Each structure stands twice: as structure tokens, then as C-alpha cells.
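Read through the structure below, which is laid out as C-alpha cells, and then see the notes.
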Amino acid sequence: MIGVSRESIIKALSTRNLIIIITVAFGILPVLLGFNRYYVYLATQVVIFTSMVLAWNIIGGYAGQLDLAAAAYMGLGGAITGLLLCYYHLTPWIGMIVGALAAVGLAVAIGYPTFRYGLREVWYALSTISLVLILQRIYWLIYGTTEEYISEYIPYRWSVLYLRFDRYEPYYYLGVAILLVTLWVNITIRRSKLGYYLRAISEDEDAAEALGIDVRRYKLYALMIYAAIVGLVGGLYITTTGIITYRLFDPDYSLSVAVAGIIGGLGSIPGALIAGVILKTVEEYLRATFGAVILGLHLMIYGILLVAVSVSKPEGLAAIFTYIEKKLLKKGSG
Amino acid sequence: MDPLLKVVKVTKRFGGIVAVNKMDMDVYEGEIVGLIGPNGAGKTTLFNCITGFYKPNEGKVYFKGEDITGLPPHVICMKGIARTWQKVKPFVKMTALEAVTVGALLKYKDISKAEEVAREMLEFIGLKKINVPGRELTLIEHKFVDLARALATKPTLLLTDEVAAGLRPFEIERLIDVIKRIRDDLKITLVVVEHVMRFVMKISDRIIVMHQGSKIAEGTPEEVANDPKVIEAYLGIKAI
């Protein structure tokens, strides 16, 4: 009986309190970083990346589709937000929504035929990563290699309407807000019918179909939610960096998101969260220290980590949490 | 009385091979129909044609008088036909309870209600290990989860594909009891594909024998067991 109450304590720890702990931790982080401009900028990048890993968890973790199009949806959301801001002075508050909706539209346009004709596994992965490259080339054809600087069009030093700030804290906190919403979406889906259905689909599509699940439709739902969040994040990304370029559609970024999701443990919320934070921090650290010396070192480290995880703990970081949880439970009842 | 399930001249070809050849089958409400035949007779292919996983090349499938030929599997499941798998397709990351809850969600939108139904079904089947992940269950336990999962969709017709294969004698006795209770207590009509004769002879009201894609005999267990054509199909001798 003690074991049961302990279990409920752990359960409480892993959901409601988890969110409170995360909120507080992210909330005070800039203070701990001494409001250092560069560190807060990096923290913003970490928060943006982690939001994307959590969003990826819905399609990659729950639904089990190896999606590599994160940079396509992010780039589309970002480019739309940025270009509307530069050329039409449309506030990013609306631009981000338009960008997210465009990403959802793209997801439907790509996802419907893909799922209709049953593209699975490696074929799905290949088709999604090529989507990133296709969008990159399309952007290139239209706008060339010129980089648009938002600061040249919107010369405000501090404007809430246009999301122009001369510090990174506002962007950081916006990122944290999106991260928390994404976290909430993840938890809600996991406990919902959609979550059960997606997990069934990732286990066996035929068995899921035989249980009355419209596999294509539910996969498309997962893809749309993921694209919406990633498109929104893209809008924030563009206002943070302030540069609109074809480099937004970066296949490396797509890979990093999926790798973090896999290392975190497919379908695990804390796994995705922690893997996102750690990997991006390490990546940025490596880039800052060795970036100029050895190009792409962080990608090599990713590769090594991926091999290490797949060999030793195929369930990713999530397996470590389960292990700790089990240990705690044993102590309680023993 | 109109049959619950009516299969009319269904043919399914794979390249040059005819797996199911002009198969006719009627199943009436409240029956347990045994579908037997040597390996490769086309029993599983017929199941796949009925449940929408294959589109038949010719022929029609009617359920409750409605033409369901070529509908996608999830729509057919929603109409009330559930199935189990010869080669189990377990949900290994989910617990047995979660797996069966997935099935229950078809008719019960609320998670806690669906979970309650799932618990009932697992209790009905007699599976105790409901909170361990699928990867820790044995093959036999997977078969029971598969059955419970299908039952949780609250079907009118259940097609089971070799549930008894690999079971030990006392487990077969238990399964016979479970199958009978599915019909009597849950009011579900069954078509049972089976190789274990002891099992299929005991539970079936009527047996249909398939050979090389077609029906070669039909009748009560006794009639079928003494049919020379059936003996020939199984043993390959001229029994005249």
C-alpha cells in the first residue's frame, strides 16, 4: 500500500509539478546568466530548439513517423513572418499565425498524398527531408541569396508591436511561453484518444486499422499539430535573429531535431525536453569553442551519441527515467 | 432469416495464383462457424477480403444486408466486424490495458470509460497481467490481448484467426469456454479459423471446409469429419 502512495507521488512529480519546476527553472535562467546578452541569446536558441523537439515528439514519437521536415515548416513560418514584416509592415503577432497556418497547409498538401499512398519508414524520411531542400531552392529562385535584415525595414529599438527589442530577454520569454504550450499539448495528447490512437499506429498500422482507427487521418492530425507549432516557432526564430535568408531551410536543423527526439526516447515527454536542452547547449558550446577550427564537429558528436544510444539504450533517455522510477518504487515497498 | 454475413463468389488473385476462388459463405446471427482447410487453402486471405485489408478481384461481401466490398478496414470495423491476427501484431510498448483501451475507444469516446470497458474485457478473457508492457508478455498472452482488443470494439461479428494454435491442452479448454461465452454472454457471432481439430470440432455449430481457395464441404462437425472430399483434401488419398 505504501508502494501505491509512492507511485502516486511520483506520478504527481512527473506531471503537474514537472511543469511548475520547468516554468520556474526557465523563468529564472536569465537571472542566473546575469542577463548576459550572448548567453541569453543562446538560451533563446535552446528554448526554440527544445520546443521543436517537443513538437516533433507528436509526429515522430507518438505517431512513429520519422519526419525530417522540421526545417521546412520552420523556414516557411519564419520566411512568411519575416517577409510580411519587412515588405508590408505586418506585425509578427499576426505574421506568426499566418506562418503557422501556411505550415499546416503545407503539411496537409504533403501529408495527404504521402499517407494516402502509404509512404512509410525510410521512404517517408527521404520524402520529408527533400521537402526542406525543395523549399530552399524555391526560396532561392524567388529571392536569390540576398539576406533581408528586419532592422533595415523596421528601425525601432524597442517595439512590442513589431517585436523589435535591443535585448534578447523578450524573445527568450516568448520562446518559453511557446515551449510551455507545446509541453501542455504533448501532455494533453498523451492522455487523449488521439494519443492512444497515435501510439497504436506507431506500434502496428494494420492492427490499428483493424481496431477501427482511420490511420491516415490520425497521422495527418499529428502532422498538422506538429507543423503548426514548428511554423509558429519559425516566426519567433526569425524575429529573434532578424535575418531572412534561404539558409532558414536547413536540412541539418531538421536532422538535429529528429536526432534529439530519438535520443530522448520516442514518445517520452521528459526525454524530449531534456535531450533538446542538453544537445542544443552542447552543440552551441562546441560551435563556439571549436566551430572555427573543426566545421561540423557537433554533427559528428550527434552521430556518436546516436550510435551510443542505439547500442546501449534503444529506448533513449526515457529508459533511464523509468529505471530511476523503478528504483524509487522498490525502496518504497521494500 | 437473412444471413449476418454473406460472401458471394469472392475471388482474390495474386499474380497468377488464385488464393480465393469463387468462395460463397453465409453466417447467421448467433452462430459459431468453424472455417478449416489445409495450409494455403485461402482462409486468411478470405478474412482479409472480408475485413477490407484486400480488395477482392471479383465477388461481393454483404454485412447486415449492406454491401461492404472494398471499404477500408477501419470503416468495416466501425460497422461491427472485428478480427484477430494469425501472426500476432502486438502493441509492445503499451500495457495490455492500454492496448485494449485503444479498441474500446471506438465506441466510448471518454478515456476513463474506455479504460473501464477494457478492464471488463481483460477480466472476461481472464488475463491478469494487465499493467505490464506488451514486450514482457508471452505469445499466448498476446493472443488473449489481441482477442480482448477486438472484443473491446464491441463487434457483432468476430473473426478469429488461429487463436488456439500453440496452446497447451488446458489452455485450449479455457479458450473453448471463452469462445462459448463470447457468443452466449456477449451475443457475438463468430467465424473461427482453426487448425486444432479438437478445438474446432468442440465449439463449432457448423463447419466450412476450404481447399485451394474454394468451399469443398459444409455441415455439422460430424458430417464434415466423415466427408470423403474433406479426408481427401487433408490426407491426399482417394477415399472411395
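Protein chains in written order, with the working numbering: chain A, 1 to 334; chain B, 335 to 574.
Virtual Cβ for every residue (Gly too), placed ideally from N, Cα, C.
In this text, all values refer to a predicted model and were calculated from it rather than measured experimentally.
Simplified DSSP assignment, three categories, for residue i
{"i": "Y168 of chain A", "result": "coil"}
{"i": "H545 of chain B", "result": "strand"}
{"i": "L220 of chain A", "result": "helix"}
{"i": "K326 of chain A", "result": "helix"}
{"i": "Y396 of chain B", "result": "strand"}
{"i": "K346 of chain B", "result": "strand"}
{"i": "T239 of chain A", "result": "helix"}
{"i": "T554 of chain B", "result": "coil"}
{"i": "V426 of chain B", "result": "coil"}
{"i": "G374 of chain B", "result": "coil"}
{"i": "R417 of chain B", "result": "strand"}
{"i": "D401 of chain B", "result": "strand"}
{"i": "K443 of chain B", "result": "coil"}
{"i": "G212 of chain A", "result": "coil"}
{"i": "I294 of chain A", "result": "coil"}
{"i": "G368 of chain B", "result": "strand"}
{"i": "L339 of chain B", "result": "strand"}
{"i": "I320 of chain A", "result": "helix"}
Cβ-based neighbour list, residue i, same chain, cut-off 6 Å, excluding 5 preceding and 5 following
{"i": "Y323 of chain A", "result": "none"}
{"i": "S256 of chain A", "result": "none"}
{"i": "L266 of chain A", "result": "G61"}
{"i": "A107 of chain A", "result": "L223, M224, A227"}
{"i": "T313 of chain B", "result": "Any question about residue 313 of chain B goes unanswered here, given that chain B covers just 335 to 574."}
{"i": "I513 of chain B", "result": "I537"}
{"i": "E557 of chain B", "result": "none"}
{"i": "L68 of chain A", "result": "A125, T128, I129, S254, A258"}
{"i": "D561 of chain B", "result": "A551"}
Exposure of residue i, with buried meaning 16 or more beta-carbon neighbours within 10 Å
{"i": "N382 of chain B", "result": "buried"}
{"i": "E528 of chain B", "result": "buried"}
{"i": "K477 of chain B", "result": "buried"}
{"i": "V24 of chain A", "result": "exposed"}
{"i": "Y88 of chain A", "result": "exposed"}
{"i": "V543 of chain B", "result": "buried"}
{"i": "K326 of chain A", "result": "exposed"}
{"i": "I262 of chain A", "result": "buried"}
{"i": "M300 of chain A", "result": "exposed"}
{"i": "T554 of chain B", "result": "exposed"}
{"i": "P489 of chain B", "result": "buried"}
{"i": "N355 of chain B", "result": "buried"}
{"i": "M335 of chain B", "result": "exposed"}
{"i": "G271 of chain A", "result": "buried"}
{"i": "Y124 of chain A", "result": "buried"}
{"i": "D519 of chain B", "result": "exposed"}
{"i": "V160 of chain A", "result": "exposed"}
{"i": "S310 of chain A", "result": "exposed"}
{"i": "G303 of chain A", "result": "exposed"}
{"i": "S446 of chain B", "result": "exposed"}
{"i": "D401 of chain B", "result": "exposed"}
{"i": "Y285 of chain A", "result": "exposed"}
Limits of the unbroken alpha helix (DSSP H) element including residue i
{"i": "K563 of chain B", "result": "562-569"}
{"i": "S256 of chain A", "result": "251-264"}
{"i": "K356 of chain B", "result": "Taken as a continuous stretch (DSSP letters only), K356 of chain B belongs to no alpha helix (DSSP H), being part of the beta strand (DSSP E) at 351-361."}
{"i": "E315 of chain A", "result": "Here E315 of chain A belongs to no alpha helix (DSSP H), and DSSP marks it neither H nor E."}
{"i": "L163 of chain A", "result": "Taken as a continuous stretch (DSSP letters only), L163 of chain A belongs to no alpha helix (DSSP H), as it is neither H nor E."}
{"i": "G195 of chain A", "result": "193-203"}
{"i": "N17 of chain A", "result": "16-32"}
{"i": "Y285 of chain A", "result": "269-290"}
Residues near residue i by beta carbon distance below 8 Å, same chain, minus five either side
{"i": "G334 of chain A", "result": "With a pLDDT of 36 at G334 of chain A, under the threshold of 50, the modelled position of this residue cannot be trusted; read the value that follows with caution. Nothing listed; no residue qualifies."}
{"i": "L473 of chain B", "result": "V422, G500"}
{"i": "T15 of chain A", "result": "I187"}
{"i": "M428 of chain B", "result": "V436, P467, G468"}
Opening and closing residue of the beta strand (DSSP E) in which residue i lies
{"i": "I319 of chain B", "result": "With chain B running from 335 to 574 in the structure shown, residue 319 of chain B is simply not present."}
Spatial neighbours of residue i in its chain, beta-carbon cut-off 7 Å, leaving aside the 5 residues before and after
{"i": "I238 of chain A", "result": "G78, T81, G82, I244"}
{"i": "L198 of chain A", "result": "Y62, A63, Y218, A222"}
{"i": "A319 of chain A", "result": "G265, K313"}
Contact test: residue i Cβ vs the ligand COA heavy atom, cutoff 6 Å
{"i": "F458 of chain B", "result": "Among the components modelled here there is no ligand, and therefore nothing to report on the ligand COA."}
In chain order, which alpha helix (DSSP H) runs of at least 4 residues are fully inside the stretch 52-117 of chain A?
Listed in chain order, they are 70-88, 92-116.
Could you give the uninterrupted runs of the alpha helix (DSSP H) lying entirely in the stretch 456-540 of chain B, keeping only those of 4 residues or more?
Taking only runs of at least 4 residues, the alpha helix (DSSP H) segments lying wholly in the stretch 456-540 of chain B are 473-486, 503-518, 531-537.
Mind listing, in chain order, the continuous alpha helix (DSSP H) runs of no fewer than 4 residues lying wholly within the stretch 125-154 of chain A?
The qualifying runs are 150-153.
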